[in-house]
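Notes follow the structure.
In our numbering, the protein residues as written are 2 to 158.
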């Protein structure tokens with residue numbers, strides 16, 4: 002197998018393939034493996050080639066946006082229409098004898114509610130509003146006030 006070249010991967014169809022792999026969530030290591038190069042070579046290609054850099058960037062941004070949207074839906078709860086398929090059998094008789102059996106599918110559309118997910122809400126808030134929602138809160142201590150309090154305790158009140 003011939004070694005992959007940067008110019009080969011700057012062609013339109015190859016750039017689309019790189020973008021698709023990034024959009025599908027492949028890591029740089031996996032993409033490099035698919036191309037047939039080392040991950041270090043891929044990093045060099047991204048530095049040297051704007052089209053390759055842009056294709057990978059756009060693909061990853063699309064995937065990130067899709068995940069963000071899915072997380073938001075999960076955090077807030079949502080309704081979604083689903084189709085269920087069941088069957089109905091009809092048996093025809095003539096003079097007491099079974100002559101035909103017909104099985105037909107019945108498609109029913111149902112709106113299903115997915116409730117909000119507390120874990121998704123926590124994750125969202127910790128990342129979007131870390132100053133209010135992170136587990137470890139920063140406490141500012143005025144040392145001069147602390148020293149005055151300690152001194153007053155040492156003096157007997």
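Note that CB positions come from ideal geometry on N, CA and C, so glycine has one too.
| query | result |
| --- | --- |
| Stretch-stretch touch, CB-based, cutoff 8 Å, three pairs: the stretch 100-110 with the stretch 130-139 | no |
| 8 Å Cβ cutoff met for residue 104 and residue 88 | yes |
| 8 Å Cβ cutoff met for residue 86 and residue 106 | yes |
| Reference residue 82; option with closest CA among 72, 112, 55 and 125 | 112 |
| Run of the beta strand (DSSP E) containing residue 7, from where it starts to where it stops | Looking at the DSSP string, residue 7 is not in any beta strand (DSSP E), and its letter there is neither H nor E. |
| Same chain, Cβ closer than 7 Å to residue 33, five either side skipped, listed in chain order | 39, 40, 42 and 43 |
| Entirely enclosed beta strand (DSSP E) segments - the stretch 47-96, minimum 3 residues | 79-95 |
| Within 8 Å, strictly: CB atoms of residue 52 and residue 16 | yes |
| Closest Cα partner of residue 118 within the set 150, 73 and 154 | 73 |
| Backbone CA spacing between residue 114 and residue 7 [nearest angstrom] | 49 Å |
| Exposure label - residue 68; buried when at least 16 CB within 10 Å | exposed |
| Alpha-carbon spacing of residue 29 relative to residue 141, whole angstroms | 41 Å |
| Unbroken beta strand (DSSP E) run spanning residue 99, endpoints | 98-115 |
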